[in-house]
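Going down the list, the sequences are from chains A and B. Using my numbering, read the first sequence as starting at 21 and increasing by one per residue. Using my numbering, read the second sequence as starting at 5 and increasing by one per residue.
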Amino acid sequence: MQSTSDIQLLPRLGVGIGYRHPFKADLFLNRSAVDFLEVTADHVLDGGPQAQNDLQLLTDHFTLIPHGLCLSLGSAEGLDENYLTRLAGLVQQVDPPWWSEHIAFTKAGGIDIGHLTPLPFTNEALDVFCENVSRARRVIDRPLILENITYHMKMPGAEMTEPEFLRAIVERTGCGLLLDVTNLYTNAVNHGYDLDAVLDALPLESVVQLHFVGGHWDGDVLIDSHSSTTPPEVWNVLQQVVERGNVKGVILERDEHIPPFAELREELDKAKNICEKAWS
Amino acid sequence: MSLAEQQAALARILTDKHIRASTKEATVHDHQDWSQVCSIDSEQIEHQAKALIRKRLGCARHLLPRTIATMGPQFVTWFTEYAETHPLAGPRRYEADAQRFGDLVRGRLNSIQTAAIKRDLIDIQLRHGRKRVVFGVFPIAFNTSPDDEPTKQVPRRFFIWVRQPFRSHYIVVRLPWWRLRKEEPQHTNASSQQSLSS
Numbered sequence: 021m022q023s024t025s026d027i028q029l030l031p032r033l034g035v036g037i038g039y040r041h042p043f044k045a046d047l048f049l050n051r052s053a054v055d056f057l058e059v060t061a062d063h064v065l066d067g068g069p070q071a072q073n074d075l076q077l078l079t080d081h082f083t084l085i086p087h088g089l090c091l092s093l094g095s096a097e098g099l100d101e102n103y104l105t106r107l108a109g110l111v112q113q114v115d116p117p118w119w120s121e122h123i124a125f126t127k128a129g130g131i132d133i134g135h136l137t138p139l140p141f142t143n144e145a146l147d148v149f150c151e152n153v154s155r156a157r158r159v160i161d162r163p164l165i166l167e168n169i170t171y172h173m174k175m176p177g178a179e180m181t182e183p184e185f186l187r188a189i190v191e192r193t194g195c196g197l198l199l200d201v202t203n204l205y206t207n208a209v210n211h212g213y214d215l216d217a218v219l220d221a222l223p224l225e226s227v228v229q230l231h232f233v234g235g236h237w238d239g240d241v242l243i244d245s246h247s248s249t250t251p252p253e254v255w256n257v258l259q260q261v262v263e264r265g266n267v268k269g270v271i272l273e274r275d276e277h278i279p280p281f282a283e284l285r286e287e288l289d290k291a292k293n294i295c296e297k298a299w300s
Numbered sequence: 005m006s007l008a009e010q011q012a013a014l015a016r017i018l019t020d021k022h023i024r025a026s027t028k029e030a031t032v033h034d035h036q037d038w039s040q041v042c043s044i045d046s047e048q049i050e051h052q053a054k055a056l057i058r059k060r061l062g063c064a065r066h067l068l069p070r071t072i073a074t075m076g077p078q079f080v081t082w083f084t085e086y087a088e089t090h091p092l093a094g095p096r097r098y099e100a101d102a103q104r105f106g107d108l109v110r111g112r113l114n115s116i117q118t119a120a121i122k123r124d125l126i127d128i129q130l131r132h133g134r135k136r137v138v139f140g141v142f143p144i145a146f147n148t149s150p151d152d153e154p155t156k157q158v159p160r161r162f163f164i165w166v167r168q169p170f171r172s173h174y175i176v177v178r179l180p181w182w183r184l185r186k187e188e189p190q191h192t193n194a195s196s197q198q199s200l201s202s
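Given below as C-alpha cells:
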C-alpha cells in the first residue's frame with residue numbers, strides 16, 4: 021500500500037500544462053517553459069489513431085501524467101472493469117511517476133452522467149470510495165493521487181466537512197492529493213466557506229500536485245469553466261499551498277477560450293517564480 | 005436510501021429535465037424513495053445540470069467546428085435543448101453525442117449548414133472513430149441480357165473501396181464484389197385476381 025513516506029519520495033516535476041491539441045506545436049516552440057505535461061486519459065482512450073500518435077510524440081519529449089475523468093471511483097456500483105483495464109494500459113504505456121483521478125462519481129444506475137458529480141461526505145461514501153481506490157490500485161501499480169472537485173450541489177446527510185472527508189481518504193488509502201486550488205476557491209465563493217479555515221483543515225503535507233486556472237461568473241455563481249486567466253485570489257491560494265506543503269508539480273489547466281500561447285506562458289512563468297521561491 | 009440508490013436517482017435527475025421538473029413540483033412525500041435527492045436545493049441541482057451540459061457543449065464545440073461557424077448562437081440553443089433530454093451513451097460517448105445531435109438537427113438546417121455538419125461528422129469518423137468509411141463505389145458488370153437496350157443497361161455488380169483503420173493508421177481496401185438483387189417481375193393486382201378466379 022502507498023504511504024505518506026512514498027509520497028515524499030516522488031520526484032519534483034516543476035510547472036507544466038494540461039495538454040490540449042490546439043497548442044501542440046507551441047509546446048515544442050516553448051519547450052523551456054513547460055517542465056511536464058498532464059494528458060487527459062479519456063482524450064487518448066476515446067481519441068482514435070491521431071491521439072495515439074500524439075501520445076507517442078509527447079511521451080518521447082515530456083514527462084507525462086495521465087489524468088482520469090471517468091473511472092468513477094465514488095460509484096457505489098463499483099468500477100467499470102473494462103475502462104479500468106484500458107486506463108491501466110495507458111498508464112503502462114506512458115510510464116509516469118504517478119497518475120490521478122477525481123473524488124467523485126460519473127456513472128450510476130446505468131447512466132453515464134459525463135461530468136464529475138459530488139459524493140456525500142458520509143462514512144458510507146468513504147467506505148465505497150476507499151474500496152474502489154483499493155481495486156484500482158490492484159490493477160494499476162503506480163502511485164495514485166486524488167483530486168478535489170467543484171460542486172454546485174451540497175449533498176444531504178453529511179457526517180463530516182469536506183476537508184475532514186479528504187483527510188480521511190488520504191489516511192485510509194495512503195494516496196496523495198491533487199489539490200485543485202481553483203476548485204477550492206470556487207466552492208468557497210459559491211458555498212460561503214472560509215477559505216483560510218479550509219486550508220488549515222486540509223492535509224497539505226499530502227498534496228503532491230496542484231491545478232490552477234480561471235473560471236467565469238454566471239450571475240452570482242462562479243463557474244469552474246477553465247476558460248480565463250487565473251484570478252489573484254487563486255494565485256494567493258496557490259502560493260500558500262506551495263509554501264506550506266510539499267508540492268511536486270503544478271499544472272495550468274486551460275480548456276476553453278484558449279489564448280495565444282504567449283499568454284499561457286506568462287501564467288506558467290508566474291507559477292514557476294512562486295514555486296522556485298518556495299522550493300529554494 | 006442506500007448510496008447506490010441515491011446516486012442512480014441523482015443521475016436520472018441530472019440528465020433529464022422532465023424528471024427535474026416533476027420532482028420540483030412534487031413534495032418529498034410524493035417521492036419517498038427519492039427523498040434524500042429531492043431534499044437537495046432545486047436551484048443547486050439546476051446549476052449542476054447546467055455544468056453537465058456545459059461540459060458536453062465544450063466537447064461538441066471541439067468536434068463540430070464548421071457547424072458552429074455556420075450556425076452561430078443557434079448552435080448553443082439547439083444543443084442545449086437536445087442535451088437536456090438525451091443523456092450520454094455508449095463508448096466514445098462525446099463522438100456519439102455529436103453524431104446523434106448532427107443526425108437530429110440535419111433536417112432543420114439550410115444547405116450551407118447541412119454541408120458543414122456532414123463534413124464535421126465525416127471528420128469525426130475519420131479522426132476519432134474506428135469505423136470503415138466508404139471511399140468509392142465502382143461498377144464492374146452490367147446487364148448482359150440480349151433484350152436489353154444499351155441505354156437501359158444498369159450496373160449489376162460493384163467493387164466497394166473503404167477506408168478502414170489499421171493499427172494507428174488507415175488503409176484503403178477493396179471489399180469482395182457486391183451484386184444488386186435481381187428484380188423479380190411484379191404481379192399486378194389484376195393478374196393475381198385472375199389467377200385466383202381461375
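Think of the CB as a built atom: it goes at the ideal place given N, C-alpha and C, for glycine as much as any other residue.
| Item | Value |
| --- | --- |
| Quick one: list the residues of chain A neighbouring B:P91, beta-carbon separation under 9 Å, in chain order. | I131, D132, I133 and G134 |
| With 8 Å as the threshold, decide whether the Cβ of A:A61 is near any Cβ in chain B. | no |
| In whole angstroms, what separates the C-alpha of B:T71 from that of A:A282? | 29 Å |
| Rounded to whole angstroms, what's the CA-CA distance from B:G76 to A:T105? Just pull it up for me. | 40 Å |
| Between the segment 156-164 of chain A and the segment 130-141 of chain A, do at least 3 Cβ pairs fall closer than 8 Å? | no |
| Counting only the same chain and skipping the five closest in sequence on each side, list residues whose C-beta sits under 8 Å from that of A:V201. | L230, H231, F232, V254, V257, L258 and V261 |
| Within the segment 203-268 of chain A, note down every full alpha helix (DSSP H) run reaching 4 residues or more, in order along the chain. | 215-221 and 252-264 |
| Assign A:P183 to one of two classes, buried (16 or more other C-beta atoms within 10 Å of its C-beta) or exposed (fewer than that). | buried |
| With three or more beta-carbon pairs closer than 8 Å as the criterion, would you say the segment 182-199 of chain A touches the segment 146-161 of chain A? | yes |
| Looking only at its chain, what residues have a beta carbon closer than 7 Å to the beta carbon of A:P86, apart from the 5 residues adjacent to it on each side? | V59, A61, L110, V111, V114, P116 and W119 |
| Would you please verify whether the beta carbon of A:K44 is less than 8 Å from any beta carbon of chain B? | no |
| Counting only runs that start and end within the segment 33-91 of chain B, where is the alpha helix (DSSP H) found for 4 or more residues in a row? | 39-42, 46-67, 69-75 and 78-87 |
| According to the Cβ coordinates, are A:N203 and A:I243 closer than 8 Å? | no |
| Identify the contact partners of B:G62 in chain A, using a Cβ-Cβ distance below 7 Å as the criterion. | D275 and E276 |
| When DSSP labels each residue in this structure, what does A:K292 get in the three-state scheme? | helix |
| With respect to the beta strand (DSSP E) encompassing A:E167, which residues constitute its N-terminal and C-terminal limits? | L164 to E167 |
| Expressed to the nearest angstrom, what Euclidean distance is found between the alpha-carbon atoms of B:Q78 and B:R123? | 19 Å |
| Check each residue of the segment 97-127 of chain A: if its Cβ is closer than 7 Å to any Cβ of chain B, include it; give the result in chain order. | E97 and F125 |
| Taking C-beta to C-beta, are A:F125 and A:I189 nearer than 8 Å? | no |
| Which two residues bound the contiguous alpha helix (DSSP H) that contains A:V190? | E182 to T193 |
| Mind checking which residues open and close the alpha helix (DSSP H) that includes A:E151? | N143 to V159 |
| To the nearest angstrom, how far is it from the Cα of A:M173 to the Cα of B:G62? | 21 Å |
| I need the straight-line Cα distance from A:A227 to A:I27, nearest angstrom please. | The sequence shown places Val at residue 227 of chain A, rather than the Ala named in the question. So the two alpha carbons sit approximately 9 Å from each other. |
| Measure the alpha-carbon distance for B:Q117 versus B:L108 and round it to whole angstroms. | 13 Å |
| Which chain A residues sit within Cβ distance under 9 Å of B:S6? | A96 and E144 |
| Taking 8 Å as the CB-CB limit, is B:K59 close to chain A? | yes |
| Look up B:S6 in the DSSP assignment and say whether it is helix, strand or coil. | coil |
| State whether the segment 36-53 of chain A contacts the segment 68-84 of chain A, with contact taken as three or more CB pairs (one from each stretch) at a distance under 8 Å. | yes |
| Report yes or no: is there a C-beta of chain B within less than 8 Å of the C-beta of A:T137? | yes |
| Are the CB atoms of A:V64 and A:Q70 within a distance shorter than 8 Å? | no |
| Just reading off the beta strand (DSSP E) that A:K127 is part of, what are its end residues? | F125 to A128 |
| Helix, strand or coil: which one does DSSP assign to A:P86? | strand |
| Does the Cβ-Cβ distance between A:L186 and A:P223 come in under 8 Å? | yes |
| What would DSSP say about A:S300, mapped onto helix, strand or coil? | coil |
| So which residues of chain B does A:H231 contact, with C-beta pairs closer than 9 Å? | Those do not exist, as A:H231 stays about 16 Å from chain B at its closest Cβ, beyond 9 Å. |
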